[in-house]
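These protein sequences, in sequence, are chains W and D. Residue numbers for the first sequence follow this note's numbering, beginning at 1 and rising by one. Residue numbers for the second sequence follow this note's numbering, beginning at 1 and rising by one. No residue lacks a Cβ here, since even glycine has one placed at the ideal position from N, Cα and C. Quantities reported herein were computed from a predicted structural model and do not represent experimental measurements. In what follows, a single structure is set out as structure tokens and then discussed.
Protein chains: 2
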Amino acid sequence: MKASLEQHLSSLQNATTLEDLQGVTEALRDHYKTSHVVYHWVNSIGERFGAGTYSPEWVDRYLEKDYLRLDPVIFGCFQRFTPVIWKELDWSSKPARAMLQDAMDHGLGNQGYTIPIRGPAGQFALFTLNTQAEDQDWHAFIDANARDLMILAHELNKKALEFEQWGDAATTPMLSPRELSAMTYLAKGMNRAQAAAEMTISEHTLRVYIESARHKLGALNTTHAVARALATGVIIV
Amino acid sequence: MKASLEQHLSSLQNATTLEDLQGVTEALRDHYKTSHVVYHWVNSIGERFGAGTYSPEWVDRYLEKDYLRLDPVIFGCFQRFTPVIWKELDWSSKPARAMLQDAMDHGLGNQGYTIPIRGPAGQFALFTLNTQAEDQDWHAFIDANARDLMILAHELNKKALEFEQWGDAATTPMLSPRELSAMTYLAKGMNRAQAAAEMTISEHTLRVYIESARHKLGALNTTHAVARALATGVIIV
DNA sequence: TTCCACCTCACTATTTTAGGGGAGTAAGAA
DNA sequence: TTCTTACTCCCCTAAAATAGTGAGGTGGAA
Chain W
1 MKASLEQHLS
11 SLQNATTLED
21 LQGVTEALRD
31 HYKTSHVVYH
41 WVNSIGERFG
51 AGTYSPEWVD
61 RYLEKDYLRL
71 DPVIFGCFQR
81 FTPVIWKELD
91 WSSKPARAML
101 QDAMDHGLGN
111 QGYTIPIRGP
121 AGQFALFTLN
131 TQAEDQDWHA
141 FIDANARDLM
151 ILAHELNKKA
161 LEFEQWGDAA
171 TTPMLSPREL
181 SAMTYLAKGM
191 NRAQAAAEMT
201 ISEHTLRVYI
211 ESARHKLGAL
221 NTTHAVARAL
231 ATGVIIV
Chain D
1 MKASLEQHLS
11 SLQNATTLED
21 LQGVTEALRD
31 HYKTSHVVYH
41 WVNSIGERFG
51 AGTYSPEWVD
61 RYLEKDYLRL
71 DPVIFGCFQR
81 FTPVIWKELD
91 WSSKPARAML
101 QDAMDHGLGN
111 QGYTIPIRGP
121 AGQFALFTLN
131 TQAEDQDWHA
141 FIDANARDLM
151 ILAHELNKKA
161 LEFEQWGDAA
171 TTPMLSPREL
181 SAMTYLAKGM
191 NRAQAAAEMT
201 ISEHTLRVYI
211 ESARHKLGAL
221 NTTHAVARAL
231 ATGVIIV
């Protein structure tokens, strides 16, 4: 088992195309004898990058139906640091259960294990194993492989970031210290007068910072600017 | 070596107090025969949580001098997914070199290795090993221990998040689907007219959603509401 | 030294948003 | 059934945001 992990990691490190990544997920699926192995980015616009063994039909359906918005796996992973076992999530809502049924109709198993991975500039990705199994067998499998899976998830994301060149200096705008402060205070709910008072500058000056930050962030309005600053990790509330 | 990693992980998992974490970092320092082992959060306000073997004097000085803002380690880690070897960073700026000298005067070694760790809601932490060594020895040490250190970093952060009870379910309010949509469109930079058009409702109705979402989120204004929705992970941009 | 980014302040103008009301319908839970 | 929650629509005024313009001082880098 251990030797095989190294094998997969090595073929992962040699990967140069998306097809190579795809091949790695397929090899992992066969190795772990699961139904599916998937790595993919997550954002609200839709999947921009991913490799895995899900059928194209299911991926299309997932995006088309906007399942991203109601998928408890996404929601759970987004709020946690640790991996999630699908069965332990909250499936009480009707749409969520309908989605799960839909997934099973598209060849997914009843058991899943998803590792959230976070990179710079708010990057968020998931590494998922899915299969048909009994609860106890699945838990035993997770216990046995959790650490290897974490390393795999990490290496997959590293490779994906290389491919996409996420968050290189060009794409993450540099805000000046005062701009950062301004955005931070706004994100904390202060109005301009309060933020200006906090920074001991005039409200006019504060506006200049907000405006310049907004332009640097390519934002359409102040709320958008704060949202982007938060999402890209430029500021932390 | 391998058995010892398990030992450290086990004592980490049994940790219930900050002092226990502190003990783990000290044990790790002794085990790896380095000068320092440190885990700490990073945010714009300053250090809120951390455990490590740095002298209190150095920690105080670091915060007092606002080194957080100019530290190439912080900056480098914030932009990367992979760990950084200090020597490979850009130390060309004068204040950065001054800080490094200051650090050495406070008992730090010339070599460092820092792993960035990201959690939900923009949480950002660092796990650092620091020591006095030759370049080649340090590289050999990193090569030999990189994977173990990654696992340690991960487990340390997991524990830290438990301590701080980051993002537990009770604190994350449930927004209705329409409220979620409204917040999402606002976070994308739409104004109310655009968002209302997107949701095919009147702008008046949209405002009701924004208001109710704002109240549920305990936000002072719309920007604050979007910021909180993003930070708590209820919406994804 | 010269340049550039940053910090600070000011003015004017229009458009948009905030925040406070109230009120009716439909669906689902107790 | 009743109660609650979600969804939809409408009114008002004061505050905030936006989009330009300008200009002077500082400090670091080439």
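Neighbourhood of residue i by C-beta distance below 7 Å, restricted to the same chain and skipping five residues each side
i	result
W91 (chain D)	P72, R97, L100
A193 (chain D)	E203
M1 (chain W)	Residue placement at M1 (chain W) is flagged as unreliable, the pLDDT there being 48, under the threshold of 50; the coordinate-derived value follows with that caveat. Same-chain partners within the cutoff: there are none.
A231 (chain W)	G122
C-beta neighbour in chain W for residue i, strict 8 Å
i	result
F163 (chain D)	no
L186 (chain D)	yes
L175 (chain D)	no
K158 (chain D)	yes
A170 (chain D)	Low per-residue confidence applies at A170 (chain D): pLDDT is 49, beneath 50, and the placement is therefore not dependable enough to give any value.
R118 (chain D)	yes
R192 (chain D)	no
L220 (chain D)	yes
L230 (chain D)	yes
R61 (chain D)	no
V237 (chain D)	yes
A227 (chain D)	yes
H40 (chain D)	no
G233 (chain D)	yes
Assumed close pair residue i, residue j - CB separation to whole angstroms, cut-off 8 Å
i	j	result
A182 (chain W)	L206 (chain W)	6 Å
P120 (chain D)	Q79 (chain W)	5 Å
V42 (chain W)	Y54 (chain W)	Their Cβ separation, rounded to whole angstroms, is 14 Å, which puts V42 (chain W) and Y54 (chain W) out of contact at 8 Å.
G52 (chain D)	H40 (chain D)	6 Å
Y113 (chain W)	I74 (chain W)	14 Å between Cβ atoms; not a contact.
L18 (chain D)	F163 (chain D)	7 Å
G189 (chain D)	L175 (chain W)	17 Å between Cβ atoms; not a contact.
T222 (chain W)	L186 (chain W)	7 Å
A160 (chain D)	F49 (chain D)	6 Å
Coarse secondary structure for residue i, derived from DSSP in three states
i	result
A170 (chain D)	At A170 (chain D) the pLDDT is 49, less than 50, meaning the model places this residue with poor confidence and gives no usable figure here.
Y67 (chain D)	helix
Q111 (chain D)	strand
V237 (chain D)	coil
W86 (chain D)	helix
L175 (chain D)	coil
Y39 (chain D)	strand
F81 (chain D)	coil
T184 (chain W)	helix
L129 (chain W)	strand
G76 (chain W)	helix
A103 (chain W)	helix
A219 (chain D)	coil
F49 (chain D)	coil
I117 (chain D)	strand
Close beta carbons around residue i, own chain, < 6 Å, minus the five adjacent residues each side
i	result
A169 (chain W)	For A169 (chain W), the predicted structure reports a pLDDT of 48, less than 50, and the residue's modelled location is therefore unreliable. The matter cannot be settled from this model.
Q111 (chain W)	T131, A133, W138
K33 (chain D)	none
R247 (chain W)	For chain W, the structure presents residues 1 to 237; residue 247 (chain W) sits outside this window and is missing.
D148 (chain W)	L5
L129 (chain D)	T34, V37, Y113
L21 (chain W)	A15, A51
Short CB-CB distance (under 8 Å) between residue i and chain D
i	result
M1 (chain W)	Per-residue confidence for M1 (chain W) stands at a pLDDT of 48, beneath the threshold of 50, marking its modelled position as unreliable; the derived number appears in the next sentence. Not closer than 8 Å to any Cβ of chain D, the Cβ of M1 (chain W) fails to qualify, so no.
G52 (chain W)	no
N43 (chain W)	yes
S10 (chain W)	no
I151 (chain W)	yes
H114 (chain W)	Here the sequence assigns Thr to residue 114 (chain W), which means His is not the residue at that position. It does not; no Cβ of chain D falls within 8 Å.
E64 (chain W)	no
R178 (chain W)	no
L126 (chain W)	no
T25 (chain W)	no
R147 (chain W)	yes
T16 (chain W)	no
T223 (chain W)	yes
H215 (chain W)	no
Nonlocal neighbours in the same chain, by C-beta distance under 8 Å from residue i, ignoring five residues either side
i	result
A146 (chain D)	P83
E155 (chain W)	L9, L12, Q13
W58 (chain D)	A103, H106, G107, L108
H31 (chain D)	S4, H8
A27 (chain D)	H8, S11
Select from the segment 73-106 of chain W all residues with a C-beta closer than 7 Å to any C-beta belonging to chain D, and list them in chain order. Of all residues in the segment 73-106 of chain W, F78, Q79, R80, F81, T82 have a Cβ within less than 7 Å of some Cβ in chain D.
Any C-beta of chain D within less than 7 Å: which residues of the segment 195-210 of chain W qualify? Taking 7 Å as the Cβ-Cβ cut-off against chain D, none of the residues of the segment 195-210 of chain W qualify.
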